[in-house]
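If you read the sequence shown in our numbering, its first letter stands for residue 118, the second for the next number, and so on.
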Amino acid sequence: DLYLPYKPKRRTRAMIAREKGLQPLADRILAQPAEGDPSAEALVFVNAEKGVGTVKEALQGARDIVAETVAETAAVRAFARELFLKEGALVVTKAPEVNAPTKFEMYYEFREACATIPSHRFLAIARGEAENVLRSEIEVDAQKACGEVARTMRRNGASPWVGELDLAVTDAWKRLLAPSVESEVRVDMKLQADRAAVDVFAQNLRALLLAAPLGARTVIGIDPGQRTGCKVVAVDATGRLLEHTMLYLVQGDGALEKSRATLRTLLEKYNPVAVAVGNGTHGRETEAFAREVIGKDSQPYVVMVNEAGASVYSASDIAREEFPDLDLTVRGAVSIARRLQDPLAELVKVDPKAIGVGQYQHDVYQPMLAKKLDEVVESCVHSVGVELNTASVPLLAHVAGIGTSIARRIVSYREINGPFKTRKDVLDVTGVGPKTFEQAAGFLRIHGGAHPLDASAVHPERYALVEAMARDLQTDVSALVGNPALAAKIQWQRYAQGDVGEYTLKDILDELKKPGRDPRATFEPPKFRDDVRTLEDLKPGMALEGVVTNVTAFGAFVDVGVHQDGLVHVSQLSDRFVKDPNEVVRPGDKIKVRVLEVDLVRKRISLTAKSGEARPGPRPQGPSPADSRQGGRPQNPRAPQKPQAPQGQFKNNPFERLLKK
């Protein structure tokens, strides 16, 4: 604002007026003297050679200069910006050229205060404008604004120049100030909405990456398919591909019986702990087929796995490098199996934006989103730690100090020389120096290594400290590690000296009690109802168990096993008031819900997580669940209700009921 008057700009009306010599007349208007006649004084500036033919033109030129001066005054701009932010209302209308129904119909007559509009709603409107479906503007009280600006600039209310100043102020507001400040405010609102959307994405991604792992167990993975068949793979405890084949479930009884025999053979040959089935099209039918083949035995159990991003991985450079000779669909089945074993280790290979747990992720400022998601991935990797002898290149590349090139060298060294026996063996890898080792060592794990602390988060530079603790307890390190009773006897205050402080010592003691503790929860497979497989099977009041697939600002999407996620609106997430859905649910959580309403035409499911009998609630908001990752429809008490609103647009709106009360 302070620099604006001096900022180079294109030719303006004020510049042209100054070239005509009208600056002194503009100064008189700004000074607001107690004497003088504007018309008489303007007569002096009439000069046909300079393009000022009449008194009216002279006063108009002077007002142009005053208007630009007013619009570039820092105090005036600060007032205008505050007015737009605090008292402005975002008014949305349909674009004149739009006649066909669109997914933005709920915004055709929409109005909400700029100070309170949620981020997802603002981003939805911004998308509608980008698609030339909506038009929007920020509406403020122009008369009030002009009056306040005039009072700010006015020095003498009784001056004969007041009328000229008021005209200049009105022109400044309409032509210069309001459009400029509105653009700035919209940019600020967009950045604020972007930050909120990025935070939602980051929270969801963290929950997904830290989902409970099955662990290092043999798994069979199935990528469902109808016409082309189901791709089946068997992977060992380290994720190595053992075998792959095909199952054909809809190609006739002969093919179906052959597929049963094929799956039985795989189960007998590899004795897997679980069968992972992708949750895509034909997923529930494939899951039912696997359960039928397995029978009533408790193991292996069949688990539906979210396959979002598996196709992106299968076509990526990482997948081609891992499996150069395999078909894309087989690579996808391998990814599904590995996701069950360790979601973090497998999902780091996929671009986070392809996982689909955000809202309006393609509309936000992409560098901000990419930076935030990278931070989340690195944070999760460091929280869990990386098994040095089994980690892939993409997983190692996220460890502090280790990039992609060093990760490749580590894996190559491991393949040639065998497993690492101690953490310090990493120093033998080309490119790993003392500084790199210092940054990375605390996040690397070697289970069953030569040193008992190599499987913990204790950094090698503190091994000597732990050995001193063990000597003071008259035991050895191997007996101390994993022994909470012995660790409780350590008087940590004795060892606080130099760069070893209270926090470091308490972290070491926690690791000694539970070395290599995984912060993730214990794996428990979700239980879908066998009698619910399609949208038509759902009935209002039906109780179900589902898995949260995405959390947005307006609610949570839940997979109940019918190929279509249902929405639990934020007002239906709990018996208590919930402001932020992340307070009660996260992606990957198992949740018990009841069906409120099923819209077969729009393929939308409305669910509730409240206790008590199911009763009609708000219709599913947002785009169709097929586009559930992108945001939601508004629940807006300020929106005008047309006599014949589109079905479900305002029906049973909880905010409307609240206002009526």
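In this text, a Cβ means the ideal position worked out from N, Cα and C, and glycines have one as well.
Taking arginine 719 as reference, the option from Thr219, Ala179, Leu176 with the minimal CA-CA separation is Thr219.
Taking all protein chains shown into account, glutamate 158 has 16 or more neighbouring C-beta atoms within 10 Å of its C-beta and is therefore buried.
Under the three-state reduction of DSSP output, methionine 659 falls in the coil class, being neither helix nor strand. Per DSSP, isoleucine 182 is one residue of the alpha helix (DSSP H) stretching across 172-188. Nearest C-alpha to glutamate 360 among Glu301, Leu486, Pro389, Arg180: Pro389.
Annotated three-state conformation of cysteine 231 is coil, per DSSP.
Between valine 394 and threonine 403, the C-beta spacing is below 8 Å. Residue Ala206 holds the alpha-carbon nearest to the alpha-carbon of phenylalanine 239 among Asn216, Leu512, Met270, Ala206. In this structure, the alpha-carbon of glutamate 374 lies about 19 Å from that of arginine 401. From the listed residues Glu174, Thr345, Gly332, the smallest Cα separation to alanine 391 is found for Gly332. At a Cβ-Cβ threshold of 8 Å, phenylalanine 201 and valine 257 count as neighbours. In chain order, Trp609, Tyr612, Ala613 place their CB closer than 7 Å to the CB of leucine 622, counting only its own chain and leaving out the 5 sequence neighbours on each side. In the assembly as shown, glutamate 152 is an exposed residue. Its beta-carbon has fewer than 16 other beta-carbons within 10 Å.
Taking 8 Å as the cut-off, the beta carbon of valine 575 is found no closer than this to the beta carbon of glutamate 584. Serine 691 is positioned such that its CB atom lies closer than 8 Å to that of alanine 726. Excluding its 5 nearest sequence neighbours in each direction, aspartate 627 has no C-beta neighbour in its own chain below 7 Å. Of all C-beta pairs linking the segment 343-357 to the segment 318-325, fewer than three are shorter than 8 Å, placing the two stretches out of contact. Counting C-beta pairs closer than 8 Å gives fewer than three between the segment 457-472 and the segment 288-303, which falls short of the contact rule. In the pairwise beta carbon analysis, the segment 556-574 is classified as touching the segment 514-523: at least three pairs are separated by under 8 Å. Here leucine 445 is not near alanine 319, since their CB atoms are 8 Å or more apart. When C-beta atoms of the segment 209-218 are compared with those of the segment 251-267, three or more pairs fall below 8 Å, so the two segments count as touching. Within the segment 397-423, the runs of alpha helix (DSSP H) that reach at least 4 residues and sit entirely inside it are, in chain order, 400-411. In this structure valine 451 touches phenylalanine 440 by the C-beta definition: roughly 7 Å separates them, less than 8 Å.
The Cβ-Cβ distance between leucine 724 and valine 687 does not fall below 8 Å. DSSP places leucine 207 inside the beta strand (DSSP E), whose first and last residues are 206-211. Separation of the CB atoms of glycine 672 and leucine 655 is rounded to 18 Å, and the pair is thereby denied contact status at 8 Å. Of the candidates Glu504, Leu364, Ser509, Ser496, Ser509 places its Cα closest to the Cα of isoleucine 435. Only exposed fits aspartate 370, as fewer than 16 other CB atoms lie within 10 angstroms of its CB. In this structure, Asp545 is the residue among Asp545, Arg540, Thr539, Lys541 with its C-alpha nearest to the C-alpha of arginine 526. Where arginine 721 is concerned, the enclosing beta strand (DSSP E) starts and stops at 721-725. Residues of the same chain with a CB within less than 6 Å of the CB of threonine 210, apart from the 5 flanking positions on each side, are Arg252 in chain order.
Serine 253: not part of any alpha helix (DSSP H); member of the beta strand (DSSP E) spanning 251-256, first to last residue. In the three-state scheme derived from DSSP, where H, G and I count as helix and E and B as strand, valine 302 is classed as helix. DSSP lists Ala660, Thr725 as the beta-bridge partner residues of arginine 711.
Under DSSP, cysteine 347 forms a beta bridge with Leu364. Inclusion of proline 657 and aspartate 459 in the CB contact set at 8 Å is not warranted, their separation being larger than that value.
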